[in-house]
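*Asks:*
Residue numbers (this note's numbering): 30 to 400.
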């Protein structure tokens, strides 16, 4: 297959903005040509969070419309920054903004907003979107989906590796030596989502830069144990989650009076330890032969979290994806460019060992731009 250019778009659980990457593919080999990050305006971010908390259907429909324009603006900024004409782009892979992900129960479903039809019309470029539901129709969780990309991007012939994405939610990909197909992949629980909530609530910004505030506090063993009692942490893979579970009401329910009794910095330290311990537990149980943990996502910039992981996983080398050629914040956008390419070539995009699907399936719906 000839090399071709794709745009990948990702806005994650943290709802901080849109990452847009320009990628060239020759087979499964990926070369990045450019990236822009477009922060959400505060009013738009608040609308995203409000819909994720259960705002009205009318508000969700309005957000679907507004996000399409925000994604189109990110594409324009990326093409301008790289000097790329729109007619050179084969397709845009747009994950959309997840506002509901409920992969279990009587009515499994998932909802990502950002109207792909409007995005295709605004950009004049074909769009591949709605990646999760084909996997769910095949009996899977519909997430995580990036592990399929992690294999060819970060696998190694000579050592067992894990790729850890530290977004709002943490997810782990297990890559055996000598294979470009994950053995396993699953969400580990909160990564930054609770840290961000607590930081914003106490006037330390929308995120704890570098984990400095958490590093200034002391872990409270009692609170940590209560947070870890949620049975979700003990569920075996495949599993995935989001703000539907790990949000403010969960923190108040699990933390109780400790949230008011303890110094705020100590709560932040305990939340950081929750992130690190649940990840370390997952590595020890499901990937005990791991020699190297490769970290992506915004949390890769959190020195405190990385230090906690190093302490809990002695003998495991801890890198970021930047050490392997891809900046941490770019990985997921590139993954959806990669998945868009696979969809247009009618190739499977899911990993049944990761999502629990009954079979491999191509992922995403193709929306053709008006000609």
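Where a beta carbon is used, it is the ideal one built from N, C-alpha and C, also for glycine.
1) Under 8 Å, Cβ to Cβ, is there at least one residue of chain D near residue 273?
2) Count the other CB atoms, across all protein chains shown, that sit within 10 Å of the CB of residue 303; report buried if there are 16 or more and exposed otherwise.
3) Please classify residue 46 as buried or exposed, where buried requires at least 16 other C-beta atoms within 10 Å of its C-beta.
4) What are the partner residues of residue 199, as DSSP defines its beta bridges?
5) In whole angstroms, what is the alpha-carbon distance linking residue 73 and residue 236?
6) What are the boundary residues of the alpha helix (DSSP H) that includes residue 141?
7) Do residue 209 and residue 316 have their C-beta atoms closer together than 8 Å?
8) What does a CB cutoff of less than 8 Å around residue 255 pick up in its chain, not counting 5 residues either side in sequence?
9) Let me check one thing: in DSSP terms, what residues is residue 118 bridge-paired to?
10) With which residues is residue 65 paired in a DSSP beta bridge?
11) Around the C-beta of residue 261, are 16 or more other C-beta atoms found within 10 angstroms, so that it is buried, or is it exposed?
12) Can you tell me which of 325, 300 and 109 puts its alpha carbon nearest to the alpha carbon of residue 281?
13) Check whether the stretch 317-330 and the stretch 271-278 touch, using three or more Cβ-Cβ pairs below 8 Å as the test.
14) Just grab the DSSP bridge partners of residue 54 for me.
15) Quick check on residue 64: buried or exposed, where buried means 16 or more other Cβ atoms within 10 Å of its Cβ?
16) Assuming residue 195 contacts residue 221 under a Cβ cut-off of 8 Å, what Cβ separation, rounded to an integer in Å, is found between them?
*Replies:* So, to answer that:
1) Judged by its chain identifiers, the structure shown contains no chain D, having just a single protein chain.
2) buried
3) buried
4) 195 and 218
5) 17 Å
6) That residue, residue 141, is in no alpha helix (DSSP H); its beta strand (DSSP E) goes 138-142.
7) no
8) 283, 284, 285 and 287
9) 34
10) 49
11) exposed
12) 300
13) no
14) 33 and 59
15) buried
16) 6 Å
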